[in-house]
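Novice:
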Amino acid sequence: MELKKSTIADLALLLVAIIWGSGFIVTKNALDNIGPFYLLFFRFIVASTVLGAIVFKKLKNATKEDIKAGLIIGLFLFAGFATQTVGLQYTEAGKQAFITATNVVMVPFIYWGISKKRPDKFEVFAAFLCLVGIGILSLNRDFTMNLGDSLTLLCAVLFACHISSTGYFAKELDPYVISVVQMATAAVLSLIFALIFEGTNFSLEKNTVLPILYLAMFSTMAAFLIQTVAQKYTSSTHTAIILSLEAVFGSTFAIIFLKEALTIKFFIGCMAILISVITAETKWEFLRTKEKTQ
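Counting with the numbering used here, you get residues 5 to 298 for the letters of the sequence shown.
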């Protein structure tokens with residue numbers, strides 16, 4: 005029975021990786037008809053409203069600490085998605101999927117500044133390999149990086165800050181309240197930036213409604229909920245490996261649906277980043293476990 009639950013949990017996490025990978029393609033297509041900040045506003049206002057309605061009883065008992073934490077985490081959430089979404093206008097979706105995944109490698113170093121817990125040798129090696137992968141994937145012949153890749157790299161740093169701050173605050177506070185507050189914060193900030201940079205002359209076209217609903221209901225709310233439940237029944241090593249496939253699915257979908265080119269340089273850079281992510285998250289414990297059981 006436990007094995008069956010673990011298998012179902014792993015399949016659920018695979019679904020999350022597919023959903024997040026497809027999110028790059030959906031966002032790329034949606035940006036043809038809507039500005040990045042209005043897209044984020046509708047994505048987060050729908051997600052926060054629906055989730056808020058589901059956990060309304062918990063919201064009534066929210067403390068000042070819950071709200072404060074949600075505001076801080078929401079600031080990083082908005083900044084990460086803002087730089088990612090704007091950056092996607094200037095780079096390929098497949099490339100962005102892998103560069104975004106580097107946030108996993110950055111987390112231990114950011115958390116080091118918060119908790120004084122020094123990264124281990126696996127995390128240091130992963131950071132070096134990740135840096136090599138980004139260089140192969142993004143640097144031009146004159147060693148410059150285009151605007152889209154630069155913004156995506158910044159988004160990876162901001163997502164790493166989001167993960168670290170979530171881990172710091174969520175231990176003592178209500179995760180459901182924090183989730184709603186951070187999404188609502190991201191929605192408000194998205195609207196402010198939309199009004200400033202994209203103006204008030206805005207109309208929501210029919211062909212953008214479905215992408216917005218997909219990103220809000222599946223990529224944002226459902227995916228995080230599935231991940232939370234699934235992690236009760238499977239190991240963190242399984243979770244890390246399976247979710248790292250988000251970048252693989254994002255790149256694959258981009259090649260299939262957006263006709264993005266698959267070059268040797270792209271492949272080598274992506275593999276370096278993928279190996280660095282797996283190294284940072286798992287420290288290859290699953291290989292050592294197999295050796296012990298043989």
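The beta carbon of each residue, even a glycine, is placed where N, CA and C say it ideally should be.
Bear in mind that the values here come from a model prediction, so they are computed numbers and not experimental data.
Could you work out which residue in L158, E127, L18 and F102 is closest to G137 when comparing CA atoms only?
Specialist: In the sequence shown, the residue the question calls residue 137 occupies position 133. Distance from the Cα of G137 is smallest, within the candidate group L158, E127, L18 and F102, for F102.
Novice: Taking the CB atoms as reference points, tell me whether L44 and T89 lie closer together than 8 angstroms.
Specialist: For the purposes of this step, residue 44 is taken as residue 40 along the sequence shown, with counting starting at 1. For the purposes of this step, residue 89 is taken as residue 85 along the sequence shown, with counting starting at 1. Yes, they are a contact pair.
Novice: Alpha carbon to alpha carbon, what distance is there between A66 and F60?
Specialist: Counted from its first residue, the sequence shown places residue 60 at position 56. Counted from its first residue, the sequence shown places residue 66 at position 62. Their backbone Cα atoms lie some 10 angstroms apart in a straight line.
Novice: For the candidate residues G74, G98, T11 and G78, whose alpha-carbon lies nearest to that of V30?
Specialist: Taking the sequence shown and counting its residues from 1, one reaches residue 30 at position 26. For the residues G74, G98, T11 and G78, the minimum Cα distance to V30 belongs to G98.
Novice: Short of 6 angstroms in beta carbon distance, which residues of its chain neighbour F163, apart from the five on each side in sequence? Order them along the chain.
Specialist: On the sequence shown, position 159 is the one that residue 163 refers to. Result list for F163: G84 and N107, in chain order.
Novice: So, using beta-carbon positions, are N150 and Y94 closer together than 8 angstroms?
Specialist: Translated into positions along the sequence shown, residue 150 becomes position 146. Translated into positions along the sequence shown, residue 94 becomes position 90. Result yes, Cβ atoms of N150 and Y94 sit closer than 8 angstroms.
Novice: Return the first residue and the last residue of the alpha helix (DSSP H) that G152 is part of.
Specialist: Working through the sequence shown from its first residue, we reach residue 152 at position 148. Per DSSP, G152 belongs to the alpha helix (DSSP H) from L151 to A174.
Novice: Please decide whether N107 counts as near chain D, where near means a Cβ-Cβ distance under 8 angstroms.
Specialist: Absent here is chain D; the protein component of the structure consists of one chain.
Novice: Any chance you could list the alpha helix (DSSP H) runs of at least 4 consecutive residues sitting entirely within the segment 36-118, in chain order?
Specialist: 40-58, 60-64, 68-91 and 97-104
Novice: If we call anything under 8 angstroms between Cβ atoms a contact, is A265 one with L177?
Specialist: As a first step, residue 265 is located in the sequence shown; it is residue number 261 there, counting from the start. As a first step, residue 177 is located in the sequence shown; it is residue number 173 there, counting from the start. Not closer than 8 angstroms, so no.
Novice: Less than 8 angstroms between the beta carbons of E113 and A131, yes or no?
Specialist: Within the sequence shown, numbered from 1, the residue matching residue 113 stands at position 109. Within the sequence shown, numbered from 1, the residue matching residue 131 stands at position 127. The question names Glu, but residue 113 is Phe in the sequence shown. Contact: yes.
Novice: Could you check whether A251 and E285 sit closer than 8 angstroms to each other, using their CB atoms as the reference points?
Specialist: Translated into the one-based positions of the sequence shown, residue 285 becomes position 281. Translated into the one-based positions of the sequence shown, residue 251 becomes position 247. The beta carbons of E285 and A251 sit no closer together than 8 angstroms.
Novice: Compare the C-alpha of S280 against each of A191, F41, L17 and L135 and name the closest.
Specialist: To locate residue 280, count along the sequence shown from 1; it is residue 276. Closest option to S280, Cα to Cα, is L135.
Novice: Three Cβ pairs or more, each shorter than 8 angstroms: is that satisfied between the segment 189-196 and the segment 7-27?
Specialist: no
Novice: Under 8 angstroms, with one C-beta from each stretch per pair, do the segment 35-44 and the segment 206-222 reach the 3-pair mark?
Specialist: yes
Novice: Spatial neighbours of M110 within its chain, please: C-beta separation below 7 angstroms, excluding the five flanking residues on both sides.
Specialist: Indexing the sequence shown from 1 puts residue 110 at position 106. Cβ within range, chain order: A160, V161 and A164.
Novice: Can you tell me which of S154, D153, I76 and M221 puts its alpha carbon nearest to the alpha carbon of I167?
Specialist: As a position in the sequence shown, residue 167 is number 163, starting the count at 1. When only C-alpha atoms are compared, the closest one is I76.
Novice: Please return the same chain residues whose Cβ sits closer than 8 angstroms to the Cβ of R122, not counting the five positions on each side in sequence.
Specialist: Within the sequence shown, residue 122 is the residue found at index 118, counting from 1. Correct list, in chain order: W116.
Novice: Using C-beta distances below 6 angstroms, list every residue in its chain close to K287, excluding the 5 sequence neighbours before and after it, in chain order.
Specialist: Looking up residue 287 in the sequence shown gives position 283. Within the same chain, and ignoring the five residues on either side of K287 in sequence, the residues whose Cβ sits closer than 6 angstroms to its Cβ are F126.
Novice: If you draw a straight line from the alpha carbon of A220 to that of I282, how long is it in whole angstroms?
Specialist: On the sequence shown, residue 220 is found 216 positions in, with the first residue counted as 1. On the sequence shown, residue 282 is found 278 positions in, with the first residue counted as 1. Taking the straight line joining both Cα atoms gives about 28 angstroms.
Novice: Around the Cβ of L217, are there at least 16 other Cβ atoms within 10 angstroms (buried) or fewer (exposed)?
Specialist: Your numbering for residue 217 matches position 213 in the sequence shown. It is exposed - the Cβ of L217 has fewer than 16 other Cβ atoms within 10 Å.
Novice: Within 10 angstroms of its Cβ, does F222 collect 16 or more other Cβ (buried), or is it exposed?
Specialist: The count along the sequence shown starts at 1 and reaches residue 222 at position 218. Buried, by the Cβ-count rule.
Novice: Under the assumption that I277 contacts L141 (Cβ atoms under 8 angstroms), give the Cβ distance between them as a whole number of angstroms.
Specialist: As a working note, residue 277 is residue 273 in the sequence shown. As a working note, residue 141 is residue 137 in the sequence shown. About 7 angstroms separates the two Cβ atoms, so the contact holds.
Novice: Taking K62 and Y237 to be in contact with their CB atoms under 8 angstroms, please state how far apart those CB atoms are, rounded to whole angstroms.
Specialist: For the purposes of this step, residue 62 is identified with residue 58 of the sequence shown, where counting begins at 1. For the purposes of this step, residue 237 is identified with residue 233 of the sequence shown, where counting begins at 1. About 23 angstroms; that fails the 8 angstroms criterion.
Novice: For G139, which of helix, strand or coil comes out of DSSP?
Specialist: As a working note, residue 139 is residue 135 in the sequence shown. In this structure, G139 counts as helix in the three-state DSSP scheme.
Novice: Just to check my reading of the structure: T156 and T104 have Cβ atoms closer than 8 angstroms, yes? What is that Cβ distance to the nearest angstrom?
Specialist: Taking the sequence shown and counting its residues from 1, one reaches residue 156 at position 152. Taking the sequence shown and counting its residues from 1, one reaches residue 104 at position 100. The Cβ separation is near 6 angstroms, so the contact holds.
Novice: Tell me whether the beta-carbon of G273 lies closer than 8 angstroms to the beta-carbon of V184.
Specialist: Counted from its first residue, the sequence shown places residue 273 at position 269. Counted from its first residue, the sequence shown places residue 184 at position 180. For G273 and V184, no; Cβs fall outside 8 angstroms.
Novice: What is the DSSP secondary structure of S280, counted as helix, strand or coil?
Specialist: Locating residue 280 in the sequence shown gives position 276, counting from the first residue. Three-state DSSP puts S280 in a helix.
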